[in-house]
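Following: one structure in C-alpha cells, then a few remarks.
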Amino acid sequence: MNIELLLHDIHSVAVFITSMTIIGGALIWIYQKTIGNSRERRAEERNRVFIQSIDDKNKPLIETLEALQKSVEKQEYHDKQLEKIAQQNSELIKKQEERIDNHNDRLLVVETVLDINGNKKEVNYYGSSNK
Numbered sequence: 000m001n002i003e004l005l006l007h008d009i010h011s012v013a014v015f016i017t018s019m020t021i022i023g024g025a026l027i028w029i030y031q032k033t034i035g036n037s038r039e040r041r042a043e044e045r046n047r048v049f050i051q052s053i054d055d056k057n058k059p060l061i062e063t064l065e066a067l068q069k070s071v072e073k074q075e076y077h078d079k080q081l082e083k084i085a086q087q088n089s090e091l092i093k094k095q096e097e098r099i100d101n102h103n104d105r106l107l108v109v110e111t112v113l114d115i116n117g118n119k120k121e122v123n124y125y126g127s128s129n130k
C-alpha cells in the first residue's frame, strides 16, 4: 500500500506541475496579446516620433552639408581646369623661352657685326670676322 500511496503522490505532483505550466503559458500568452504588444507599439511610436524630431532638427544641417559638398565638387572641377591651363601655359612659356634663346644668338651676331665703335665689319653667322 505504501507504493500505491507513493505513486498517487507522484501522480498528483505531476498533474499539479503540468497544470501550472499550462496556466502559466496561458497567462504569458494573454499578457503578450494584451499588454506586451501595446507596450511594443507604444515604444515603436515613441521611437518613430523621436527619429522624426531628430530628422526635422537636422534638416538644415543636412542641407548645409549637401551645399558644401556641391561646392567642394565644383572647386575640385575648377582646380582641375586651372591645372590644365597652367600646364598649357608652362608649355607655351617653354616654347617662348626657346625662341628668345634663339634671338639671343642672333643679337650677338648683330652686335659683333656693328662693333663697339660703330665700325662695320663682316661677320658670318658663327661670329668669325673677315676684315
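Heads up: the sequence shown begins at 0 in numbering that gives the first Met the number 0, then just goes up one per residue.
For glycine and all other residues, C-beta sits at the position ideal for the given N, C-alpha and C.
The structure displayed is predicted, hence computed values, not measured ones.
* The alpha helix (DSSP H) enclosing I29, as first and last residue numbers -> Annotation: the continuous alpha helix (DSSP H) that includes I29 extends over 1 to 30.
* In three-state DSSP terms, what is S127? -> For S127, the predicted model reports a pLDDT of 47, less than 50, meaning its position is unreliable and no value from the coordinates is stated.
* May I have the straight-line CA-CA distance separating P59 from Q68, to the nearest angstrom? => Between P59 and Q68, the C-alpha separation is close to 14 Å.
* Can you grab the Cα-Cα spacing for the pair Q80 / D55, in whole Å? => The alpha-carbon atoms of Q80 and D55 are separated by roughly 38 Å.
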